[in-house]
Amino acid sequence: MQARPRRRRLLRWLLIAPLLFALLTVLQVLSLRFIDPPMSAFMVGRHIEAIGAGDWSYRTHYAWRDLEAIAPALPVSLVAAEDQNFASHHGFDFKAIEKARAHNQRMLERAAKRGTPVKRLRGASTISQQTAKNMFLWRGRSWMRKGLEAWYTVLIETLWSKHRILEVYANVAEFGDGTYGAQAAAVRFFNRNADKLTPAQAARLAAVLPNPRRYDAGHPGPYVQKRSAAIQRQANHLGGSAWLRALD
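Residues in the sequence shown are numbered from 59 upward in steps of one, following this note's numbering.
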């Protein structure tokens, strides 16, 4: 006789749990439309990783700056480097995804013929997806994480303005190990505040993404120099600071 009530409670919980999750995540994302985040999930995860490795000297460098207190060259460079359709898509750039899939397939086939590993595959994550991942999720790859990334991407695209998405991303993106956001990166690599970044410096910061622990914006190698020059050209093509003023 007790089995039926137990099954009913389990069924009720299975029905209620997704609704609770949806409600809590909506409130979480909605609150960050108005509240500047004190940290991100990636910051917390990196700190735990450092402690686990016995690196007790590790420090997170992060200082929030409103988008208006960041040189316009940086957010425009981020768009030029990572998501040139940012202003027009709704969180997912399906044309870019298809292009990346076709490119990666060609690279895999060529590598298989040569018998060598693939050097670099192309990604197609938008700035909205990157913001969702950095703010709310953990590092790694899994279907569960990709599903949550898609869910949070939909939420921030629905509940935040494009201006807010770009503002949060410019503040939580990792530009060096333990260095998050425009202000901390500007101070670390160029000894200046974020509002004083030059277009060349902004392009170098954008160029190290998405491998900021491998590349150094302060002492750029040939790859970062070449990529930052291309980013500057593309930023100018977008319209520079005029593009940012037209956003939203």
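The beta-carbon is built from N, C-alpha and C at its ideal position, and this holds for glycine as well.
In three-state DSSP terms, what is ARG291?
helix
Out of ARG67, ALA80, ARG70 and TRP71, state which residue places its alpha-carbon closest to the alpha-carbon of VAL212.
ALA80
Only counting the same chain, and skipping five residues up and downstream in sequence, which positions put a Cβ closer than 8 Å to that of LEU132?
ALA228, ALA240, ALA252, LEU255, ALA260, LEU263 and ALA264
Which partner residues of GLU232 appear in the DSSP bridge assignment?
TYR238
Whole angstroms are fine: how far does the CA of ASP94 sit from the CA of HIS221?
13 Å
Flag ALA304 as yes when its Cβ comes closer than 7 Å to any non-hydrogen atom of the ligand SAH, and as no otherwise.
Of ligands this structure carries none, so the ligand SAH is not represented either.
Tell me whether ASP235 is buried or exposed, calling it buried when 16 or more other Cβ atoms sit within 10 Å of its Cβ.
By the neighbour-count rule (16 or more Cβ atoms within 10 Å), ASP235 is not buried but exposed.
Who pairs with HIS119 in a beta bridge, going by DSSP?
THR237
Would DSSP call MET59 helix, strand or coil?
For MET59, the predicted model reports a pLDDT of 48, less than 50, meaning its position is unreliable and no value from the coordinates is stated.
If LEU217 sits next to ARG91, beta carbons under 8 Å apart, how far is it from one beta carbon to the other, in whole angstroms?
6 Å
Going by alpha carbons, who is nearest to PRO96 out of HIS119, ASP113 and ALA258?
HIS119
With a Cβ-Cβ cutoff of 8 Å, do ASN192 and ALA129 count as a contact?
no
Do THR184 and ASP141 come within 8 Å of each other at the CB atom, strictly closer than that value?
yes
Would you mind giving the Cβ-Cβ distance between TRP196 and GLY103, rounded to the nearest angstrom? I have them listed as a contact below 8 Å.
5 Å
Take every Cβ of the segment 281–294, pair it with every Cβ of the segment 200–208, and state whether three or more of those distances are shorter than 8 Å.
no
Alpha carbons only, please: which of ALA138, GLU215 and LEU69 is nearest the one belonging to GLY297?
The shortest C-alpha to C-alpha distance from GLY297 to any of ALA138, GLU215 and LEU69 is the one to ALA138.
Please report the Cβ distance between VAL134 and LEU267, rounded to the nearest whole angstrom; I am assuming they are in contact, meaning their Cβ atoms lie under 8 Å.
Actually they do not touch by this definition, with Cβ atoms about 14 Å apart.
Exposed or buried, SER146, counting other C-beta atoms within 10 Å across all chains shown (16 or more means buried)?
With fewer than 16 other CB atoms across the displayed protein chains lying within 10 angstroms of its CB, SER146 is exposed.
How long is the line joining the alpha carbons of ASN294 and ARG123, rounded to whole angstroms?
24 Å
Within its chain, find whatever has a CB closer than 6 Å to the CB of PRO278; leave out the 5 residues flanking it on each side and keep chain order.
The answer, listed in chain order, is ARG262.
Should ALA244 go down as buried or exposed, given a rule of 16 or more other Cβ atoms within 10 Å for buried?
By the C-beta density criterion, ALA244 is buried, having at least 16 other C-beta atoms within 10 angstroms.
Report the option in PHE233, ASN143, GLN86 and PRO280 whose CA atom is closest to the CA atom of PRO270.
PHE233
Please list, in chain order, all residues of the same chain as LEU125 whose beta carbon is under 6 Å from its beta carbon, the five residues on each side excluded.
GLU225
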